[in-house]
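For the record, in the sequence shown the residue sitting at position 258 is 261 according to the numbering used here, with numbers rising by one throughout. No residue lacks a Cβ here, since even glycine has one placed at the ideal position from N, Cα and C. A quick note: this is a predicted structure, and the numbers were derived from the prediction, not measured. Worksheet for the structure shown next.
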Amino acid sequence: MMLAGLLLNVLVTLSGENSIIADILVTKNRIDVAGCLGSFGFLIFWFLKGVRMDVKRIFKAEAKARVTGVAAVTFPIVVGFLLFNLKSAKNRPLTFQEYDVMLLMESITSFSGIARLLRDLGMNHSSIGRVALSSALVSDIVGLLLLIANVSRSSATLADGLAILTEITLFLVIAFAVVRPIMFKIIKRKGEGRPIEDKYIHGVLVLVCLSCMYWEDLSQFPPLGAFFLGLAIPNGPPIGSALVERLESFNFGIILPLFLTAVMLRTDTTAWKGALTFFSGDDKKFAVASLVLLIFLLKLSVSVIVPYLYKMPLRDSIILALIMSHKGIIELSFYLFSLSLKLVTKDTFSILVLSIVLNSLLIPMAIGFLYDPSKQFICYQKRNLASMKNMGELKTLVCIHRPDHISSMINLLEASYQSEDSPLTCYVLHLVELRGQDVPTLISHKVQKLGVGAGNKYSENVILSFEHFHRSVCSSISIDTFTCIANANHMQDDICWLALDKAVTLIILPFHRTWSLDRTSIVSDVEAIRFLNVNVLKQAPCSVGILIERHLVNKKQEPHESLKVCVIFVGGKDDREALAFAKRMARQENVTLTVLRLLASGKSKDATGWDQMLDTVELRELIKSNNAGMVKEETSTIYLEQEILDGADTSMLLRSMAFDYDLFVVGRTCGENHEATKGIENWCEFEELGVIGDFLASPDFPSKTSVLVVQQQRTVANNN
């Protein structure tokens, strides 16, 4: 947006003030109208900045983020004032007011600006992004406190300064002691899940305008009134998210660009020459550019040193420092306000605009060069079922989007073998879309009591269901529940981060389609869940399973019936992983396992490659274990082999056994480049399921059988 306005400015400058282009684009009436609309959009921007900000996160931020946030603001200010006082008044090209404005604004880090930068770079859910958001929040609050404290110092008399501080305090008391409780009463009266009526949205907009008028009357920065009012509005659903949804897209897409265009048209590009050369002879312009560069270097240095002292890798510390040094629309608006009050000259304003444009261009490029998202979930150990020895502890991460996913996941876990020697640890992650706030949140309910904490209002059903499952099954299953409140496009980062942190072996994801109660028709098809599943398969530090739930017998409810599980085995690491999971299920009571191996007709069964050798060893161990009686007496394991010519043979075979089983377990790459899928691979609708998995999950498949598609851990990093 800034570049578009800047290009328009250059075009008008080159064509001349009396040209046709200037008459069309920059007549006084048009600039005034654009500036008026843009200013309103900017007030809404500051209001939404406050709505999205959760100040309580300051107390939850780790020490590294808090210290970085405070140091990034205070260190440049302290050094800047020392340098200013060391210079005699005669040798100061800048006035005290200009120096004060630039020093404060260049030192502050804007939380909303950093949040938008991280969203644009796709980093807001990364570990660096989380630290940066917490640091920026601390920095923003510290900067605002310094800005308010500066009011009394810049006033004509001490009495005037105290009077303004008293009026600001009165405004804050009304916002947080009157407006905020009223908002909570509205939420309570409307009830959970019900939308907010338009009259409340309109009422809030009126309050925004009144707040800005109040701060304007105090001769203070008017958008701060909108910002503090936004802080008083409860963030998240229903009010906070409704305001963001109603206002943000229109404001950012249409109104706010008018503000930036009007600002850029006021910029004198001819003033840039004196700032960019040592020999211009204009000491003031050069002093402005030098001060901006000095503060940037001070801020960058301290933002590298502090996290590095807290054991953050140097590369990550540099990336964090670059993020904290980013400038954008917040700083631009404050400089425009300073220009209107004649705190800075037009030449100074033009040079500051140039610094912001260069900053917003170069810093994202530098971060993109240094940051490698593919390395954030690197795992240095094998975390898959096939590599587990002697049926050790199985750690699973179960993902829940909606209440109808709970029962299917519980039934699958219940069918998995667990004992004191082979415990099952289950991390349950309830995924909630982030709405009405900027900071993604991961909440552990293990350290909270039910009814306390932001995540319980979203996850109460999930918590209660899995707690009941834990109490009713046995003590060998350990349950730990989390709530992830995140942007839908980046939830995979939270899933993979939690899996890496908890050393999970298997992530279990629900399929994006949901069937009706009679399992004959599709009632929901959520593309966002499919997008998430695909991204988890690409990034996961461990094995991944996608559960297509249509019918899974609950063995506790029907103890006389066995759960019939069938593994379709063609060969490859994903098939071996599927077999390893099924073998664990086979140790459970009332579970019958059938392993169906598909062989290419007319070809030798002898192993000709490493993968084939591993397949043979895995199957031999299964048959040997079964024959030696190592499996429970109540469990039967059947091994079958079937020769097939092509995909048509596979299709007929699977259809013939469609109603014989309750659960099919297949590898994601099952049958790839094999005769078993020849002719049907082109009909695969969902690549994340593989050819065989997609066939079993398709609406044309006659059975109501559930399907678990398993992908083995893709990569293990070398420690060297």
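For this session: Give the single residue among LEU208, VAL594, VAL710 whose Cα lies nearest to the Cα of MET412.
Result: Closest option to MET412, Cα to Cα, is VAL710.
Exercise. Three-state secondary structure (DSSP) at LEU437?
Worked result: coil
Exercise. Got a sec: is the Cβ-Cβ distance from TYR102 to anything in chain D below 8 Å?
Worked result: This model lacks chain D altogether, as it is built from one protein chain only.
For this session: Have a look at ARG671 and LEU416 and give me their C-alpha separation to the nearest angstrom.
Result: Straight-line spacing of the CA atoms in ARG671 and LEU416 works out to 20 Å.
Problem set entry | Cut-off 7 Å between Cβ atoms - residues of its own chain near ASP103, not counting five sequence neighbours on either side | none
For this session: Take the Cβ of SER222 as the centre, count every other Cβ of all protein chains shown within 10 Å, and call the residue buried at 16 or more, exposed below.
Result: When all chains shown are included, SER222 counts as exposed.
Problem set entry | Residues near TYR430 in its chain [Cβ-Cβ closer than 6 Å; skip 5 each side] | Cβ within range, chain order: LEU400, ASP483, LYS505.
Problem set entry | C-alpha gap between LYS707 and LEU437, whole angstroms | For LYS707 and LEU437, the distance between alpha carbons rounds to 34 Å.
Exercise. When we look at the beta-carbon of GLU688 and count the other beta-carbons within 10 Å, is it buried (16 or more) or exposed?
Worked result: exposed
For this session: Could you say which of ASN536, TYR664, ALA135, ARG533 lies nearest to ILE326 if we only look at CA atoms?
Result: Closest by C-alpha distance to ILE326, out of ASN536, TYR664, ALA135, ARG533, is ALA135.
Exercise. Alpha carbon to alpha carbon, what distance is there between HIS677 and THR508?
Worked result: 28 Å
Problem set entry | Cβ distance (whole Å) where PRO544 is taken to contact ARG405 below 8 Å | Taking the Cβ atoms as the reference, PRO544 lies roughly 26 Å from ARG405, outside the contact range of under 8 Å.
Exercise. Are the CB atoms of LEU601 and ALA585 nearer to each other than 8 Å?
Worked result: No, Cβ-Cβ distance for LEU601 and ALA585 is not below 8 Å.
For this session: Please look up how many angstroms separate the CB atoms of GLU759 and ALA389, rounded, as I've assumed it's under 8 Å.
Result: Here the chain covers residues 4 to 723 and nothing more, so residue 759 does not appear.
Problem set entry | Best match in LEU339, ASP649, LEU622, THR640 for proximity to GLU675 [C-alpha to C-alpha] | ASP649
Problem set entry | Cβ distance (whole Å) where VAL291 is taken to contact ILE354 below 8 Å | 5 Å
For this session: Would you mind giving the Cβ-Cβ distance between VAL73 and VAL141, rounded to the nearest angstrom? I have them listed as a contact below 8 Å.
Result: 6 Å
Exercise. Does the separation of the CB atoms of VAL598 and VAL570 fall below 8 Å?
Worked result: yes
For this session: Could you tell me the distance, in whole angstroms, from the CA atom of CYS673 to the CA atom of SER475?
Result: 36 Å
For this session: Reducing DSSP to helix, strand and coil, say where LEU86 ends up.
Result: helix
For this session: Inspect the beta-carbon positions of ALA178 and TRP49 and report whether they are closer than 8 Å.
Result: no
For this session: Out of VAL70, ASN685, TYR374, MET391, state which residue places its alpha-carbon closest to the alpha-carbon of VAL305.
Result: Taking only the C-alpha atoms, the option nearest VAL305 is VAL70.
Exercise. How would you label HIS433, buried or exposed, when you count the other beta carbons within 10 angstroms and need 16 or more for buried?
Worked result: buried
Exercise. Relative to the alpha-carbon of PRO702, which residue among GLY693, SER419, ARG516 has its alpha-carbon at the smallest distance?
Worked result: ARG516
Exercise. Roughly how many angstroms lie between the CA atoms of ARG318 and GLY371, to the nearest whole one?
Worked result: 12 Å
Problem set entry | C-alpha gap between VAL455 and MET267, whole angstroms | In this prediction, VAL455 has a pLDDT of 38, which is less than 50 and means its spatial position is unreliable; what the coordinates show is noted afterwards. Between VAL455 and MET267, the C-alpha separation is close to 48 Å.
Exercise. Nearest to ILE151 by CA position, among ARG533, SER336, PRO513, GLU170, is which residue?
Worked result: GLU170
For this session: Please confirm whether PRO426 and SER481 have their CB atoms less than 8 Å apart.
Result: yes
For this session: In angstroms with no decimal places, state the Cα-to-Cα distance between LEU261 and SER358.
Result: 21 Å
Exercise. Do you know how far the Cα of VAL594 is from the Cα of LYS635?
Worked result: Confidence at LYS635 is low in this model, with a pLDDT of 46, below 50, so the placement of that residue is unreliable and no value is reported for it.
Exercise. Span of the beta strand (DSSP E) holding CYS545?
Worked result: According to the DSSP assignment, CYS545 belongs to no beta strand (DSSP E), since it is labelled neither H nor E.
For this session: Check whether the segment 109 to 118 touches the segment 78 to 86, counting contact only when three or more Cβ pairs, one atom from each stretch, lie closer than 8 Å.
Result: yes
Exercise. What alpha helix (DSSP H) runs, 4 residues minimum, are completely inside the segment 346 to 408?
Worked result: 349 to 373
Exercise. CA-CA distance, GLN615 and GLN714?
Worked result: For GLN615 and GLN714, the gap between their C-alpha atoms comes out near 18 Å.
Exercise. Taking Cβ positions, are ILE683 and SER659 nearer each other than 8 Å?
Worked result: Not closer than 8 Å, so no.
Exercise. Where ARG60 and ASN238 are concerned, what is the direct C-alpha to C-alpha distance, given to the nearest angstrom?
Worked result: ARG60 and ASN238: Cα-Cα distance of roughly 12 Å.
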